[in-house]
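Below is one structure, written out as structure tokens; comments come after it.
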Amino acid sequence: MQGQHLSVIFVPATAAVPEPFNPPPSQPAPAALSPAVSAPPQESKYARVYKEAEIDKLLKLLVQRKGSDLHLSSGEKPIFRIDGDIKRMEEFPVTAPADAERMLYQIMEKRYRQDFESDNDTDMAYEIPGVARFRVNIFLDRKGMGGVFRVIPTKVVTVEDLNISMAIQNLCNLNKGLVLVTGPTGSGKSTTLCALVDLVNRTRSGHVITLEDPIEFVHENKKCLINQREVGPHTASFKNALRAALREDPNIVLVGEMRDLETVSIAIETAETGHLVFGTLHTSTAASTVDRVIEQFPADRQEQIRIMLSESLKGVVSQTLCKKIGGGRIAAMEILLGIPAVSNLIRESKTYQLPSIIQTNRKMGMVSLNESLMELVNLKKVEAKEAYMKALDKPDILNQLKRDGHSTAFMDEVK
Numbered sequence: 001m002q003g004q005h006l007s008v009i010f011v012p013a014t015a016a017v018p019e020p021f022n023p024p025p026s027q028p029a030p031a032a033l034s035p036a037v038s039a040p041p042q043e044s045k046y047a048r049v050y051k052e053a054e055i056d057k058l059l060k061l062l063v064q065r066k067g068s069d070l071h072l073s074s075g076e077k078p079i080f081r082i083d084g085d086i087k088r089m090e091e092f093p094v095t096a097p098a099d100a101e102r103m104l105y106q107i108m109e110k111r112y113r114q115d116f117e118s119d120n121d122t123d124m125a126y127e128i129p130g131v132a133r134f135r136v137n138i139f140l141d142r143k144g145m146g147g148v149f150r151v152i153p154t155k156v157v158t159v160e161d162l163n164i165s166m167a168i169q170n171l172c173n174l175n176k177g178l179v180l181v182t183g184p185t186g187s188g189k190s191t192t193l194c195a196l197v198d199l200v201n202r203t204r205s206g207h208v209i210t211l212e213d214p215i216e217f218v219h220e221n222k223k224c225l226i227n228q229r230e231v232g233p234h235t236a237s238f239k240n241a242l243r244a245a246l247r248e249d250p251n252i253v254l255v256g257e258m259r260d261l262e263t264v265s266i267a268i269e270t271a272e273t274g275h276l277v278f279g280t281l282h283t284s285t286a287a288s289t290v291d292r293v294i295e296q297f298p299a300d301r302q303e304q305i306r307i308m309l310s311e312s313l314k315g316v317v318s319q320t321l322c323k324k325i326g327g328g329r330i331a332a333m334e335i336l337l338g339i340p341a342v343s344n345l346i347r348e349s350k351t352y353q354l355p356s357i358i359q360t361n362r363k364m365g366m367v368s369l370n371e372s373l374m375e376l377v378n379l380k381k382v383e384a385k386e387a388y389m390k391a392l393d394k395p396d397i398l399n400q401l402k403r404d405g406h407s408t409a410f411m412d413e414v415k
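Position 135 of the sequence shown, counted from 1, bears residue number 135 in full-length UniProt numbering, the numbering being contiguous throughout.
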């Protein structure tokens with residue numbers, strides 16, 4: 001860890017020394033000086049105060065039915081997403097545009113109202129204490145206002161809950177480097193990152209800074225000091241917060257979204273300068289993740305970034321959610337580890353060979369997406385058809401299903 005810098009305040013020698021304050025004898029000493037009296041703590045102006053809202057009834061029902069999302073749209077009945085499928089809530093009336101507007105404005109703080117009124121959409125977080133937190137997008141369409149609420153459980157998930165492999169868990173022991181968790185929207189990236197931060201919090205001491213939009217899982221300090229910052233109320237942007245984080249003595253930085261070139265650039269530099277950085281991208285495979293990072297940069301910088309990435313990238317976890325047999329969802333994960341052979345391929349611009357590296361290094365904990373899907377099928381956690389639908393290399397997984405004796409009769413339905 002780098003040495004700490006001391007801030008010294010110089011007081012001019014000519015500054016007048018203030019006279020000590022002595023209360024008049026006729027007046028009692030200030031209450032603050034008496035140990036027997038303590039003032040009640042004041043609520044921070046940055047704290048969010050919960051007030052029950054009209055939409056809470058729908059959100060509580062969503063959690064009760066183990067749904068992942070609520071879709072509230074003008075001119076439509078409320079819709080829940082449960083186990084990946086959307087279900088119209090027939091017991092509720094159609095939401096009139098005026099009702100949608102009232103319900104959504106009721107939960108928006110001033111800054112989010114301003115964002116919505118200037119941009120016609122906004123992102124925020126909403127919490128019902130004791131029930132759940134929700135990641136919220138509020139938007140305008142041709143029928144009126146609408147909102148989508150993604151459930152964030154109040155309980156922090158663990159690596160044990162998600163059955164995350166030791167190869168991934170070991171990445172949390174690193175002192176520096178870049179670890180990327182990738183996948184399409186709704187693939188469980190935030191949940192995986194939550195479990196990794198929780199593992200760090202339980203097993204090692206250090207300072208963790210998370211940069212999120214919005215804050216999803218709330219972590220309580222255990223072995224670590226954790227500062228969670230949200231784009232909007234706490235910082236103007238990911239890149240601003242990431243730049244500031246370098247001056248905040250972190251050991252680990254989590255970047256909720258690496259949205260732009262500058263954020264990606266700072267993240268790589270942060271990983272190179274002795275910090276462990278976790279980040280996310282919307283890529284589907286380990287190889288495409290490496291290419292996406294490099295291709296964001298202008299051609300004249302790509303060679304430099306390729307070299308930096310070859311040295312700093314320690315792991316890529318690319319995941320997709322599958323429907324579980326019996327209900328619920330489970331993640332299939334492709335794992336790429338930053339071993340010397342991987343670093344060489346990145347440096348030499350041979351990322352097309354990364355799938356072969358994954359195949360030949362299973363003993364080290366690397367797993368291809370198809371292998372992960374097949375493991376779920378063989379453990380009877382996922383149907384063969386679901387694995388086939390989620391696979392990117394469909395001919396390969398079809399061969400593996402046949403090899404392991406699984407029925408492929410579903411092919412008549414998907415052709």
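Idealized CB from N, CA, C, for every residue including glycine.
Just to check my reading of the structure: S287 and Y352 have Cβ atoms closer than 8 Å, yes? What is that Cβ distance to the nearest angstrom?
Mapped onto the sequence shown, residue 287 falls at position 287. Mapped onto the sequence shown, residue 352 falls at position 352. Checking the displayed sequence, the identity of residue 287 turns out to be Ala instead of Ser. Between Y352 and A287 the Cβ distance is about 7 Å, and since that is below 8 Å, they are a contact.
Is the distance from the Cβ of F139 to the Cβ of N120 below 8 Å?
Looking up residue 139 in the sequence shown gives position 139. Looking up residue 120 in the sequence shown gives position 120. A contact, by the Cβ cut-off of 8 Å.
Relative to the alpha-carbon of H234, which residue among M258, D249, I209 and G177 has its alpha-carbon at the smallest distance?
Position 234 of the sequence shown, counted from the first residue, corresponds to residue 234. Of M258, D249, I209 and G177, the residue nearest in Cα terms is I209.
Taking the CB atoms as reference points, tell me whether A387 and L162 lie closer together than 8 Å.
Residue mapping note: residue 387 aligns to position 387 of the sequence shown, counting from 1. Residue mapping note: residue 162 aligns to position 162 of the sequence shown, counting from 1. Going by C-beta atoms, A387 is not nearer than 8 Å to L162.
With H, G and I counted as helix, E and B as strand and the rest as coil, what does DSSP make of T182?
On the sequence shown, position 182 is the one that residue 182 refers to. Looking at T182 - three-state DSSP - the assignment turns out to be strand.
Based on DSSP bridge pairs, tell me the residues matched to F134.
Along the sequence shown, read from residue 1 onward, the residue named residue 134 stands at position 134. DSSP lists Y126 and V151 as partners of F134.
Using three-state DSSP, classify A39 as helix, strand or coil.
Along the sequence shown, one-based indexing puts residue 39 at 39. Per-residue confidence for A39 stands at a pLDDT of 42, beneath the threshold of 50, marking its modelled position as unreliable; the derived number appears in the next sentence. Assigned with DSSP and collapsed to three states, A39 falls in coil, not helix or strand.
Who pairs with N227 in a beta bridge, going by DSSP?
Within the sequence shown, numbered from 1, the residue matching residue 227 stands at position 227. Here N227 is bridged, per DSSP, to I209.
Under the three-state DSSP convention, the category L281 falls into:
Position 281 of the sequence shown, counted from the start, is the residue given in the question as residue 281. Three-state DSSP puts L281 in a strand.
Using 8 Å for Cβ pairs, my map puts V131 next to K57. What's the rounded Cβ distance?
Counting from 1 along the sequence shown, the entry for residue 131 is found at position 131. Counting from 1 along the sequence shown, the entry for residue 57 is found at position 57. Contact between V131 and K57 does not hold, since their C-beta atoms are separated by about 11 Å, which reaches or exceeds 8 Å.
Best match in M145, P129, P93 and M89 for proximity to R113 [C-alpha to C-alpha]:
Here residue 113 corresponds to residue number 113 of the sequence shown, with the count starting at 1. It is M145.
Rounded to whole angstroms, how far is the Cβ of T185 from the Cβ of H71, which I believe are closer than 8 Å?
Taking the sequence shown and counting its residues from 1, the one referred to as residue 185 is at position 185. Taking the sequence shown and counting its residues from 1, the one referred to as residue 71 is at position 71. Actually they do not touch by this definition, with Cβ atoms about 14 Å apart.
Would you call the segment 306-317 and the segment 337-346 touching, i.e. three or more CB-CB distances under 8 Å?
The segment 306-317 is in contact with the segment 337-346.
M89 at chain D interface by Cβ criterion, 8 Å
Absent from the structure is chain D; it holds one protein chain and no more.
Apply the 10 Å Cβ neighbour rule to V367 and answer buried if 16 or more other Cβ atoms are within range, or exposed otherwise.
For this step, residue 367 is matched to residue 367 along the sequence shown. By the 10 Å Cβ count, V367 comes out buried.
Pick out the complete alpha helix (DSSP H) segments inside the segment 93-120, 4 residues or longer, and give them in chain order.
Within the segment 93-120, the complete alpha helix (DSSP H) runs of at least 4 residues are 97-105 and 110-119.
For M145, which residues does DSSP report across the bridge?
Taking the sequence shown and counting its residues from 1, the one referred to as residue 145 is at position 145. DSSP, once it has assigned bridges, lists L140 as partnering M145.
Do you know offhand how far L62's Cα is from F80's?
Reading the sequence shown from its first residue, position 62 is the one you call residue 62. Reading the sequence shown from its first residue, position 80 is the one you call residue 80. Computed Cα separation, rounded: 7 Å.
Minimum C-alpha distance to L199 - residue among C224, M374, L401 and D213:
Against the sequence shown, residue 199 aligns to sequence position 199. For L199, the nearest C-alpha among the options comes from C224.
Selected residue, minimal CA-CA separation from V277, among G256, T191, E52 and D85:
Residue 277 sits at position 277 when you count from the first residue of the sequence shown. Relative to V277, the option among G256, T191, E52 and D85 whose CA is nearest is G256.
Is the beta carbon of I55 less than 8 Å from the beta carbon of G67?
Position 55 of the sequence shown, counted from the first residue, corresponds to residue 55. Position 67 of the sequence shown, counted from the first residue, corresponds to residue 67. With contacts defined by Cβ atoms closer than 8 Å, I55 and G67 do not form a contacting pair.
Given R403, which residues of its chain have a CB within under 6 Å of its CB, disregarding the five upstream and five downstream residues?
Sequence index remark: in the sequence shown, residue 403 carries index 403 (1-based). So no residue of the chain qualifies.
With the cut-off set at 8 Å, would you say V179 and K314 are in Cβ contact?
Against the sequence shown, residue 179 aligns to sequence position 179. Against the sequence shown, residue 314 aligns to sequence position 314. Contact check for V179 against K314 passes: the beta carbons are separated by less than 8 Å.
Let me know if V414 comes out buried or exposed under the rule of 16 or more other beta-carbons within 10 Å of its beta-carbon.
One-based indexing of the sequence shown puts residue 414 at position 414. Exposed, since its Cβ has fewer than 16 Cβ neighbours within 10 Å.
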